[in-house]
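Colleague: My questions will all concern the structure given below.
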Amino acid sequence: MENTTQLLLRQAGALSGRQVLVVDANDPALKSLDVDAQLQLHADDFTVGAQQWAPAPTVPPEVDLLVLPLPKSIDRLRFLLNWLAGEISQPVELWLIGPAKGGIRGALKHLQAHVDDAVLVDSARHCKLYSGQLQPGETQTLAAWGEVITVGDLEVVSYPGVFSHGRLDEGTRLLLDLMAEHRLPIRGSMIDMGCGAGVISASLASQGWKVQAVDVSASAVAATTASLARNGLQGRVTGGDLFSPLAGRVDMIVTNPPFHDRRQRTTDITRRLIAEAPAYLNKEGVMWLVANRELPYAQWLDDAFSHVQVAGETTRFRVYRAVV
82 MENTTQLLLR QAGALSGRQV LVVDANDPAL KSLDVDAQLQ LHADDFTVGA QQWAPAPTVP
142 PEVDLLVLPL PKSIDRLRFL LNWLAGEISQ PVELWLIGPA KGGIRGALKH LQAHVDDAVL
202 VDSARHCKLY SGQLQPGETQ TLAAWGEVIT VGDLEVVSYP GVFSHGRLDE GTRLLLDLMA
262 EHRLPIRGSM IDMGCGAGVI SASLASQGWK VQAVDVSASA VAATTASLAR NGLQGRVTGG
322 DLFSPLAGRV DMIVTNPPFH DRRQRTTDIT RRLIAEAPAY LNKEGVMWLV ANRELPYAQW
382 LDDAFSHVQV AGETTRFRVY RAVV
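Residues are numbered in my numbering as their position in the sequence shown, beginning at 1, plus a constant of 81.
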């Protein structure tokens, strides 16, 4: 259970009898929170298992309390506060909850732009909870919050909360450059695992590859879908936990995998990805992976693949090419 969830549990009395929507839920434990309230969850993260899996929530009319765990990025916080204001027709109480050292104080100015009289309600488990009355605002659209990234001749759409929002990640740029130098087959089938804004999907689709793109984030799925459509490209984009929504085998897997799970640094996700990847590749299929140089992926790749090489590297990133 996350510390923010434990702090929320301390408010069981204040939650009693309420109709609560948790927005951008960051902890699967919220689904079974032991409180006397009608609790609904929205999440951008597929693995939370929320009732609403979407880039932004729908606020049911009966909801009288919105709970917002502090998002990782200020862009995402600003988007959600504006979105929630546009979803309501009368003031609704909103709780903002987050780590004391995770930016909660800096987030207050954004909260105060939308609520009357934000007050500190509780502080424990190295977290703080602020409350205020969220005022109605203008209806928002996801498209209006998109930013366009130019990647060669392509225009890629990014939404708040998506990895490397509004810019081309240095590791992804290196990966694409090295793949181009390697003279890939003219076309084939491929999986873009952890597709983000769709930079890799759009780049490979434009070269004639049959693309399947997957991400745990609903915002990333929406962004990759928009990126393909903006460039007149085809691809199948799905949400899920790594390979869980996929079946069959492909010629190539390309990935710039995460090394954070929500706010925690972890290599567990990539270790699973590497172990599971060969089962989704054709004979002599290839996986391209870019990662920070210090991350311990070489041994795991050697254990899972018959041949592994470092295709190139910089002072920050290393690109691996692994053959089944």
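By construction, the Cβ of each residue, glycine as well, lies at the ideal position given by its N, Cα and C atoms.
Roughly how far, in whole angstroms, is the beta-carbon of glycine 393 from the beta-carbon of leucine 255, given that I think they are within contact range, below 8 Å?
Modeller: Indexing the sequence shown from 1 puts residue 393 at position 312. Indexing the sequence shown from 1 puts residue 255 at position 174. Sure, about 7 Å apart at Cβ, within 8 Å.
Colleague: Any idea if histidine 341 is buried or exposed, counting beta-carbon neighbours within 10 angstroms, 16 or more meaning buried?
Modeller: Translated into positions along the sequence shown, residue 341 becomes position 260. Any answer about histidine 341 is weak, because its pLDDT of 46 lies below 50 and its placement is not dependable; what the coordinates show is given next. When all chains shown are included, histidine 341 counts as exposed.
Colleague: Apply the 10 Å Cβ neighbour rule to arginine 402 and answer buried if 16 or more other Cβ atoms are within range, or exposed otherwise.
Modeller: Against the sequence shown, residue 402 aligns to sequence position 321. Buried, because 16 or more other Cβ atoms sit within 10 Å of the Cβ of arginine 402.
Colleague: Could you check if histidine 388 is buried or exposed, using at least 16 other CB atoms within 10 Å of its CB as the buried criterion?
Modeller: Against the sequence shown, residue 388 aligns to sequence position 307. That one is exposed.
Colleague: Give the straight-line distance between the Cα atoms of leucine 161 and leucine 192, rounded to the nearest whole angstrom.
Modeller: By 1-based counting over the sequence shown, the position of residue 161 is 80. By 1-based counting over the sequence shown, the position of residue 192 is 111. Cα-Cα distance, rounded: 10 Å.
Colleague: What number of angstroms, rounded off, separates the C-alpha of tryptophan 226 from the C-alpha of threonine 306?
Modeller: Start at 1 with the first residue of the sequence shown, and residue 226 comes out as number 145. Start at 1 with the first residue of the sequence shown, and residue 306 comes out as number 225. The straight-line gap from Cα to Cα measures roughly 15 Å.
Colleague: Hey, how far is the Cα of leucine 223 from the Cα of tryptophan 164?
Modeller: Taking the sequence shown and counting its residues from 1, the one referred to as residue 223 is at position 142. Taking the sequence shown and counting its residues from 1, the one referred to as residue 164 is at position 83. Approximately 9 Å, taken between the alpha carbons.
Colleague: Taking the straight line between their C-alpha atoms, what separation do you get for aspartate 117 and glycine 289?
Modeller: Within the sequence shown, numbered from 1, the residue matching residue 117 stands at position 36. Within the sequence shown, numbered from 1, the residue matching residue 289 stands at position 208. Their Cα atoms are separated by approximately 54 Å.
Colleague: So within the segment 329-387, which uninterrupted alpha helix (DSSP H) runs reach at least 4 residues, ignoring any that extend past its ends?
Modeller: Look at the segment 329-387 and you find these whole runs of alpha helix (DSSP H), each 4 residues long or longer: 349-357, 379-385.
Colleague: To the nearest angstrom, report how far apart threonine 85 and lysine 209 are at their CA atoms.
Modeller: Start at 1 with the first residue of the sequence shown, and residue 85 comes out as number 4. Start at 1 with the first residue of the sequence shown, and residue 209 comes out as number 128. Between threonine 85 and lysine 209, the C-alpha separation is close to 8 Å.
Colleague: With distances taken from CA atoms, which of His123, Ala360, Arg91 is nearest valine 103?
Modeller: By 1-based counting over the sequence shown, the position of residue 103 is 22. Nearest option by C-alpha distance: His123.
Colleague: For the beta strand (DSSP E) that contains isoleucine 230, what are its first and last residues?
Modeller: Along the sequence shown, one-based indexing puts residue 230 at 149. Taken as a continuous stretch (DSSP letters only), the beta strand (DSSP E) holding isoleucine 230 covers 228-232.
Colleague: To the nearest angstrom, how far is it from the Cα of serine 287 to the Cα of aspartate 250?
Modeller: Stepping through the sequence shown from its first residue, residue 287 is reached at position 206. Stepping through the sequence shown from its first residue, residue 250 is reached at position 169. Each residue's alpha carbon lies about 19 Å from the other.
Colleague: Based on the DSSP output, what are the partners of isoleucine 272 in its beta bridges?
Modeller: Sequence index remark: in the sequence shown, residue 272 carries index 191 (1-based). For isoleucine 272, which the question treats as bridged, DSSP gives the partners Gln293, Ile334.
Colleague: Rounded to the nearest angstrom, what separates glycine 313 and aspartate 108 at their Cα positions?
Modeller: Locating residue 313 in the sequence shown gives position 232, counting from the first residue. Locating residue 108 in the sequence shown gives position 27, counting from the first residue. Going from the Cα of glycine 313 to the Cα of aspartate 108 covers about 37 Å.
Colleague: Apart from the five residues just before and just after glutamine 119, which ones in its own chain have a Cβ nearer than 6 Å to its Cβ?
Modeller: Translated into positions along the sequence shown, residue 119 becomes position 38. Excluding sequence neighbours, glutamine 119 sits near Gln100.
Colleague: Ends of the alpha helix (DSSP H) at lysine 209?
Modeller: For the purposes of this step, residue 209 is identified with residue 128 of the sequence shown, where counting begins at 1. First-last for lysine 209: 208-215, but that is the beta strand (DSSP E), not the alpha helix (DSSP H).
Colleague: Can you tell me whether DSSP reads alanine 310 as helix, strand or coil?
Modeller: In the sequence shown, residue 310 corresponds to position 229, counting from 1. In this structure, alanine 310 counts as helix in the three-state DSSP scheme.
Colleague: So, with DSSP's three-state summary, where would you put leucine 265?
Modeller: Within the sequence shown, residue 265 is the residue found at index 184, counting from 1. DSSP, read as helix, strand or coil, puts leucine 265 in coil.
Colleague: Check each candidate in Gln390, Thr395, Val232, Val405 and name the one with the smallest Cα separation from serine 282.
Modeller: Locating residue 282 in the sequence shown gives position 201, where the first residue counts as 1. Ranking the options by Cα distance to serine 282, first place goes to Val232.
Colleague: Less than 9 Å between the C-beta atoms of phenylalanine 386 and tyrosine 361, yes or no?
Modeller: Position 305 of the sequence shown, counted from the start, is the residue given in the question as residue 386. Position 280 of the sequence shown, counted from the start, is the residue given in the question as residue 361. Taking a C-beta distance under 9 Å as the contact criterion, phenylalanine 386 and tyrosine 361 do not qualify as a contact pair.
Colleague: Excluding the five sequence neighbours on either side, which residues of its own chain have a C-beta within less than 7 Å of the C-beta of alanine 166, listed in chain order?
Modeller: The count along the sequence shown starts at 1 and reaches residue 166 at position 85. The residues are His195, Leu215, Gln216, Pro217, Gly218.
Colleague: Tell me whether the beta-carbon of aspartate 125 lies closer than 9 Å to the beta-carbon of serine 308.
Modeller: As a first step, residue 125 is located in the sequence shown; it is residue number 44 there, counting from the start. As a first step, residue 308 is located in the sequence shown; it is residue number 227 there, counting from the start. In this structure, serine 308 does not lie closer than 9 Å to aspartate 125 by Cβ.
Colleague: Mapping the DSSP letters down to three states, classify arginine 254 as helix, strand or coil.
Modeller: Translated into positions along the sequence shown, residue 254 becomes position 173. Here arginine 254 sits in helix by DSSP.
Colleague: Whose C-beta lies closer than 6 Å to the C-beta of threonine 336 among residues of the same chain, with five residues either side of it excluded?
Modeller: Against the sequence shown, residue 336 aligns to sequence position 255. Cβ neighbours of threonine 336 beyond the five flanking positions: Met274, Gly275, Leu370.
Colleague: Considering Cα atoms alone, identify which of Leu235, Val229, Met368 is closest to serine 245.
Modeller: What you label residue 245 is simply residue 164 of the sequence shown in a count that begins at 1. Ranking Leu235, Val229, Met368 by Cα distance to serine 245 puts Val229 first.
Colleague: Could you pull out every residue in the same chain whose Cβ sits closer than 7 Å to the Cβ of alanine 131, ignoring the five residues on either side in sequence?
Modeller: Taking the sequence shown and counting its residues from 1, one reaches residue 131 at position 50. The beta carbon of alanine 131 sits closer than 7 Å to the beta carbons of Ala106, Leu122, His123, Ala124 from its chain, once the five residues preceding and following it are set aside; these are given in chain order.
Colleague: Use the C-beta contact count for arginine 399: other C-beta atoms within 10 angstroms, 16 or more gives buried, fewer gives exposed.
Modeller: Here the question's residue 399 lines up with position 318 in the sequence shown. So arginine 399 counts as buried.
Colleague: Restricting to Cα atoms, I'd like to know which of Thr351, Glu357, Ala358, Asn363 is closest to alanine 406.
Modeller: With the chain covering 82 to 405 only, the question about residue 406 has no answer from this structure.
Colleague: Assuming the contact rule is C-beta atoms closer than 8 Å, glycine 366 and valine 391 should be a hit. Round their C-beta distance to whole Å, please.
Modeller: Start at 1 with the first residue of the sequence shown, and residue 366 comes out as number 285. Start at 1 with the first residue of the sequence shown, and residue 391 comes out as number 310. Contact check for glycine 366 and valine 391: beta-carbon distance about 19 Å, past the 8 Å limit, so the pair fails to qualify.
Colleague: Opposite histidine 123 in the DSSP bridges: which residues?
Modeller: Residue 123 sits at position 42 when you count from the first residue of the sequence shown. For histidine 123, which the question treats as bridged, DSSP gives the partners Gln133.
Colleague: Which of helix, strand or coil does DSSP assign to aspartate 198?
Modeller: Position 117 of the sequence shown, counted from the start, is the residue given in the question as residue 198. Of the three classes helix, strand and coil, the one that applies to aspartate 198 here is strand, per DSSP.
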